[in-house]
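Participant:
Chains as they are written, first to last, in the numbering used here: chain D, 7 to 111; chain B, 4 to 557; chain V, 95 to 841.
1) Quick check on DSSP: helix, strand or coil for residue 152 (chain B)?
2) Residue 273 (chain B) touches chain V at which residues, Cβ-Cβ below 8 Å?
3) How big is the Cα-Cα spacing for residue 344 (chain B) and residue 832 (chain V)?
4) From V:324, V:259, V:245, pick the residue whose C-alpha is nearest to that of residue 291 (chain V); which is it?
5) Which term fits residue 23 (chain B), buried or exposed, when burial requires 16 or more other beta carbons within 10 angstroms of its beta carbon?
6) CB-CB under 7 Å to residue 74 (chain B), same chain, minus the five flanking residues each way: which ones, in chain order?
7) Should residue 385 (chain B) and residue 473 (chain B) be called a contact, given that it needs their Cβ atoms to be closer than 9 Å?
8) Beta carbon of residue 317 (chain V), beta carbon of residue 362 (chain V): below 9 Å?
9) Should residue 231 (chain V) go down as buried or exposed, given a rule of 16 or more other Cβ atoms within 10 Å for buried?
10) Please report how far the alpha carbon of residue 816 (chain V) lies from the alpha carbon of residue 104 (chain D), in whole angstroms.
11) Exposed or buried, which one is residue 315 (chain V) when buried takes at least 16 other CB atoms within 10 Å?
12) With respect to 8 Å, is the separation between the Cβ of residue 204 (chain B) and the closest non-hydrogen atom of the ligand MG below this value?
13) Which of the three DSSP states, helix, strand or coil, is assigned to residue 213 (chain V)?
14) Using DSSP with H/G/I as helix, E/B as strand and the rest coil, what is residue 508 (chain V)?
15) Kindly indicate which three-state DSSP category residue 167 (chain V) falls into: helix, strand or coil?
16) List the residues of chain V whose Cβ lies closer than 7 Å to the Cβ of residue 269 (chain B), in chain order.
17) Pick helix, strand or coil for residue 489 (chain V), following the three-state DSSP scheme.
18) From residue 94 (chain B) to residue 128 (chain B), what distance separates their C-alpha atoms?
19) Could you work out which residue in V:437, V:603, V:667 is closest to residue 640 (chain V) when comparing CA atoms only?
20) In the stretch 719-745 of chain V, which residue ranges form an unbroken alpha helix (DSSP H) of at least 4 residues, counting only runs that do not cross its ends?
21) Assign residue 449 (chain V) to one of three DSSP states: helix, strand, or coil.
22) Give me the Cβ distance between residue 515 (chain B) and residue 396 (chain B), rounded to the nearest whole Å; I'm assuming they're in contact under 8 Å.
23) Which first and last residues belong to the alpha helix (DSSP H) in which residue 398 (chain B) is found?
24) Which first and last residues belong to the alpha helix (DSSP H) in which residue 556 (chain V) is found?
25) Tell me which residue opens and which closes the alpha helix (DSSP H) that residue 3 (chain B) is part of.
26) Just tell me which of V:683, V:500, V:415 has its CA closest to the CA of residue 341 (chain V).
27) Is any beta-carbon of chain V found at less than 9 Å from that of residue 69 (chain D)?
28) For the alpha helix (DSSP H) containing residue 477 (chain B), list its first residue and its last residue.
29) On the DSSP letters alone, give me the boundaries of the alpha helix (DSSP H) that residue 184 (chain B) sits inside.
30) Does the CB of residue 290 (chain B) have a neighbour CB from chain D at under 9 Å?
31) So, does the stretch 107-123 of chain V touch the stretch 239-253 of chain V, judging by three or more C-beta pairs under 8 Å?
32) Taking the alpha helix (DSSP H) that residue 101 (chain B) falls in, what are its first and last residues?
33) For residue 826 (chain V), is the classification buried or exposed, using 16 other Cβ atoms within 10 angstroms of its Cβ as the cut-off for buried?
34) Which residue comes first and which comes last in the alpha helix (DSSP H) that contains residue 293 (chain B)?
35) Under 9 Å, do residue 378 (chain V) and residue 441 (chain V) count as touching if we go by C-beta distance?
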């Protein structure tokens, strides 16, 4: 296999993607924005897994299978997350999570 | 490291080995389906009927599964191999039991390298099933929901996820099990109540925290996967790269000191740290405990935490035995390994949990911080791995399991009693407990027993559990941590005694007696019996938890 | 030896008081936070004294951490004397061997690893003693002086952090740690100058100081990077792979870069850039006089005794690099130093503000030190650094005592209710003082000691150290010598002018010359109270017309400092008597012999300056009198009074250019980089979130209560549960990162 792109580059991109997702999750006020940030982090992990698989053990199937499962779980999580956003909106009339802080201390 | 026994194919004889899980799935689907045939109406009578039927189906089902699992485990009665009978009914039962117990705990046996069927799994299953049983019993009268079918199904699926979590010896299954546990719990915590502000908030926070923690966990797993994939020749066709034993084997062969592996391990500890709510991954728990209804809080704080601990133990001891170190925190000498990391976390957790509990005014929140502190004690059982003596390591895991059992019984009892109070009084602040002794002396005594057990007062179970786990930590040279533990126990007395003061000394706002609904009372009685029994006669379950043997050389 | 082993505790103690004051409920009590800071500083002083005791006995504590007393300094001195005795710049400068070297691995860098730790040689030990003593005195002074400020606890926490950074800098075993501490000092300086942030003048001065010194810091960082690329290390020391290694220095002196300069010269000049910023040398001197907007203890500690001399210390620390080649760098150093000495002294002549006069005097004296280093007088420079720290701190604190008394008089109190800033400026104007020796005898006597030391009168401290500089200069650097002698004359002149105007003559404060505040906004907020006027409300309910002596917490530190201002010079007597050349021997160098001609000339010049100043200051009869100099030479006086219009010049040139650049940049920014840059906001945001948790919860609305019992700790912990889910998420990552760091650095 001709490795035009070194593994390290892909891992760096994945790490950067993770950090961007983290940035989103920490900086967005909107609950949906935070969920999107988390999705981005999960995608970074998928990239990691697939890259490790392709470059390091291309004959096994662990990496892609794992990332498929992660995609599935991410979908489930997003579904529950959006339902929760609706619940928050019904109760609070807002999805701005900075204002959702009745429980504290 | 001996070669890893891997069953490549799933066989028919494996079915009894996962019988509890199969039964749980069947029960969950049954509950979901049966709800359709109920009378759906908006009047209260019809709703109560619906909830009652779903709940009783779940309770009975869980009770049966618990009994079957208990029989299967052979902890009460192990069928002797030569047992035989010619009389027909007896012969039939003997054969059923024999087939059942053939799927009982077998050390070192894993299904497809992913599912351990050992004593640890079995004991953990019993803990989860018991916790789920008691929780469901609490909900029969508490009625936290208008959609009982979904509610109990989610509860059962979450229990199933916990069983898988405890049994998993492979990262993909572990991850799926964590999600299977967590996602239903998010919904249970936040969605089923009458759309109150706090419930929605709790659910949202739980979800976001959990999802972020999963991302951290997964990032760690991907790093570990990268490590194992890198260590093997590229041409090898292997599909066991995420199995704990395989990782340990490769790490051992590699000198066990790769920064990729170490970093991955830290991420994984952080990811599981959220499930067990240790500092600094604890911050969701007070909010969620307060926002969710009492039975769900009881379930989250006990079963979910227990599952997290069993998984944490499995991951650390089976996947990362090469990174074990000492329990010392002295940076210069022999700090290192996950034992030191856990010792640090345990230290923070003990201090933080106990101190932050002091100023609380909400009982559920107070117990939330108290259960954070208990997580600190529980970590000591895993830290006991710092010693290399197998006997002491065994003591560590058996003390951990013992503590978990006691903690589950006590905490469900405590939350149940609080649930009774909040059902009658309508709030769960400490003030609402004022003068409980004058309104219902029995309930007050029960609650006091649970609180004293949490505080670790002899002869209640909490005392022996703490004592046993301190011993294990002491053997592992975590003396300083034991001292911190004892000191924080004394601090914790303060807030536990505040609760008792409210219950027994302060004057109630109204003298109307508090009634205990039947099924909740049943839960409390079962719990209190366990608390006394395990405290006075710990040998009831000590031989069982001692079955989880740690063999040398692992 | 105990003190040698635990030298690293010296900066930790003030750091501890910073942490305790800012993070625990102690901050609610001014008294407790003040005494805590003073107490810990006192302990640090004991440690520093013990350490110096060990160092003077020649005890050594190597990396093997066994105490040996193999070499005494006396034995060591002859070895190095050849190097120091020969012509400066020709031979490499050699430090005495370090007494304590302790370090730990800080960060792996490729094959090697970067270590951090302490490196104590005699000069570090002595500077430590100086810093701890002055700092303790100033802490004590602040106890009385800042008593009425509502943010006194915060003041103590900042000043403790500053002291910790200064001590860490002195102890640093490598240039990076040095730089880190240096930057923390800059930050504290900024925070403390702008401490009374309700006043626009104060925060503007803070920003000006920060930015101006940053210009120098950037140069210094470039120098560090350059040095690192050459040496692969930034560790002080003469061993292989350390930056004072002889072979390495030779190599530095030989290699040339694209500019045609040797590596050594380039690095030395870049590092000197840091000194120019921090020690306020021309042309980056503009921040120091403005920094006097800060509370007086700050001026004394940071802008007279310690931080500004850090620049000089930096040159002293990296001196082997300066001397590695032919001395081009040293020439620049001496020129800038001498020019600053004269330039600042001439400005001081035409100032009226008591603190500003002292500020320009500080500039001038720093110029002396820098010039001394530039002409090879390493010991003389360091000696002057030490004596100057004591007597200048004394003078500043004395001026603080004077201002304190002036502000409590009726006529100024009147202005105070209307405009605090104007009141303070009026109280600082020497034209409004006079005859204070009658009202404040203690302050008068200690101030006189400081004044004589600064003017260079035998046998006060300043005489010996200044004389040593002049003796070094006279030996082959005639131009420098002449410039410095004129500066010394001016010093005696303006100090006498000030001294006489303040303490003698008629008291003119009953009808003061009132400062007109151009930015005064008529409002009655009194938050910006500079310091303590407990007297107003408590002790004297009826204000007197005349000033009064200050309380003991203000006077006691003055007396301690006055002691050192008097005897400080005896540590390096230039005679072959027992105890003579003590400092030089300890530092393993040879210093100039006593030169009667130089000493005579300088003493004479000082006396002439004093005479001139005395007769000159007589003219002030009322506060409204004009300065005689202003009458005779209005143009020149105006030029000097306005500091040669340097600020205005900078405003028109550098300011304009940077405005233009900023405009251009904002255009590019908005068009091109906007989205790119947003990404980098992540880190800041993350930090700020953590910071938010700490700041908003621990610092601001923590619980009341004086005792630090467990309940209140529990309350504080409870406050971290902010209820904001994103704070929790940030906590996860902070936890992971911290655990990973702990784990990875476990060795």
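Ideal Cβ positions, reconstructed from N, Cα and C, are used throughout, including at glycine.
Since this is a predicted model, take the numbers as computed values, not measurements.
Facilitator: Put simply:
1) helix
2) 826, 829, 830, 833
3) Cα-Cα distance, rounded: 11 Å.
4) V:245
5) buried
6) 100, 103
7) no
8) yes
9) Label assigned to residue 231 (chain V): buried.
10) Whole-angstrom Cα-Cα distance: 10 Å.
11) It is buried - the Cβ of residue 315 (chain V) has at least 16 other Cβ atoms within 10 Å.
12) Because no ligand of any kind appears in the structure shown, any question about the ligand MG cannot be addressed here.
13) strand
14) helix
15) Its pLDDT being 40, under 50, residue 167 (chain V) is placed unreliably by the model, and the measurement read from it follows with that caveat. Note: residue 167 (chain V) maps to helix in three-state DSSP.
16) 830, 833, 834, 837
17) helix
18) For residue 94 (chain B) and residue 128 (chain B), the distance between alpha carbons rounds to 28 Å.
19) V:603
20) 722-726, 728-735, 740-744
21) In this structure, residue 449 (chain V) counts as helix in the three-state DSSP scheme.
22) Not quite, the Cβ-Cβ distance comes to about 54 Å (not below 8 Å), so this is no contact.
23) 393-428 is the extent of the alpha helix (DSSP H) around residue 398 (chain B).
24) 555-568
25) Here chain B has residues from 4 to 557 only, and residue 3 (chain B) is not among them.
26) V:415
27) no
28) 464-478
29) 174-193
30) yes
31) Output reads yes: the stretch 239-253 of chain V touches the stretch 107-123 of chain V.
32) Segment 91-105, the alpha helix (DSSP H) holding residue 101 (chain B).
33) Counting the other Cβ atoms within 10 Å of the Cβ of residue 826 (chain V) gives 16 or more, which makes it buried.
34) 287-294
35) no
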